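> In the working numbering, each number is its position in the sequence shown, counted from 1, plus 9.
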Amino acid sequence: MENKIIRALEPPPEIKCSRNVYEMNNDAMVFQQNDLFPAAFPCMEDIRRQGKLCDVVLKVDDQAFSAHKIVLASTIPYFHAMFTNDMIESRQNEIIMQGIEANSLEALINFAYSGRIHLDKNNVQSIMIGASFLQLNK
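1) DSSP three-state call for A37: helix, strand or coil?
2) Using DSSP with H/G/I as helix, E/B as strand and the rest coil, what is Q134?
3) Looking only at its chain, what residues have a beta carbon closer than 6 Å to the beta carbon of I118, apart from the 5 residues adjacent to it on each side?
4) Do the region 101 to 108 and the region 57 to 75 meet, that is, are 3 or more Cβ pairs less than 8 Å apart?
5) By alpha-carbon positions, which one of E110, N132, F120 ends up nearest to V69?
6) Looking at the unbroken alpha helix (DSSP H) that takes in S83, where does it start and where does it end?
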């Protein structure tokens, strides 16, 4: 028997996503919840702002920024290399950052969680240098 795709009812209006999809055949069913991934990063951003479940503190000068290694590693190539290649920093809870300004690091960490960054004539150069340092090439 051929696969059938059955679409669920429309999601509630407060959820901005496409419909959930069910794929079925005689032996199995696959359910895909389309709002799961788009909802995950805002939730992680909120958890971070509450200071919960953070497993790394990045320090620049006299400022410290808490974050989740998994979020940093999955969104910023520099941290992916750092945390997944058995570098000493992968086992540390506090990492001293050099070569990047504190305001740029903060903005780019926030970018890792939200996909948004505020650029203006006062910060664009610093943030672009920081983005280059962190190997953010897109």
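We put the CB at the ideal spot given by N, CA and C, even for glycine. Computed from a prediction, not measured in an experiment: that's the story for all the values here.
Result, derived from the coordinates:
1) For the purposes of this step, residue 37 is identified with residue 28 of the sequence shown, where counting begins at 1. Coil.
2) As a working mapping, residue 134 is identified with position 125 in the sequence shown. It is helical.
3) On the sequence shown, position 109 is the one that residue 118 refers to. Within the same chain, I118 has close Cβ partners F74, A76.
4) yes
5) As a position in the sequence shown, residue 69 is number 60, starting the count at 1. Considering only alpha carbons, the answer is E110.
6) For this step, residue 83 is matched to residue 74 along the sequence shown. Start and end: 78 to 84.
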